[in-house]
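Asker:
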Amino acid sequence: ACLYRNCPARGRAAATLNTDQHPYGLYFSSILIAAGANLSATGSKPLILYADTFVDIQGTIDVSGGKGGNSAGDHMSAGGGAGGGAVKIVSAQITVGSSG
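In this text, residue positions in the sequence shown follow this note's numbering: the first is 12, and each later residue adds one.
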């Protein structure tokens, strides 16, 4: 899988993965998120990425959560705060650049 910035016919500058559709993770031979590219996740599960050879993160992985809701019964107290996601990356080699 690759997210290349300005890479004709091979990748794109942004992609969104739905973690509910892939609750056990996504498997790739390698992963490159180029500088300026953005990988984001939606869903209620953590983003889990597996790569056989390497992961090179020069861009951004966004697993930020959304606004929390009110408590049960829609009371205006004890509501949930803003949520945040989690990311797990498994590979033989992982490189994170200065902007990654």
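Think of the CB as a built atom: it goes at the ideal place given N, C-alpha and C, for glycine as much as any other residue. Quick caveat, the model's predicted, so the values are computed rather than measured.
#1: Name the residue from 63, 64, 57, 39 whose alpha carbon lies nearest to the alpha carbon of residue 5.
#2: Could you tell me which of 97, 40, 106, 46 sits nearest to residue 73, measuring between CA atoms?
#3: Pick helix, strand or coil for residue 93, following the three-state DSSP scheme.
#4: Please state the DSSP three-state secondary structure of residue 11.
#5: Looking at residue 107: is its Cβ nearer than 8 Å to the Cβ of residue 68?
Answerer: In brief:
#1: Any answer about residue 5 is impossible in this case: the structure gives the chain only from 12 up to 111.
#2: Counting from 1 along the sequence shown, the entry for residue 73 is found at position 62. When only C-alpha atoms are compared, the closest one is 97.
#3: Along the sequence shown, read from residue 1 onward, the residue named residue 93 stands at position 82. Summary for residue 93: the model assigns pLDDT 49, below 50, so the residue's position carries little reliability; its value from the coordinates is reported in the next sentence. Look at residue 93 here: in three-state DSSP terms it is coil, with no helix or strand label.
#4: Absent from the structure is residue 11, since the part of the chain shown begins at 12 and ends at 111.
#5: As a working note, residue 107 is residue 96 in the sequence shown. As a working note, residue 68 is residue 57 in the sequence shown. Their beta carbons are under 8 Å apart, which means residue 107 touches residue 68 by this criterion.
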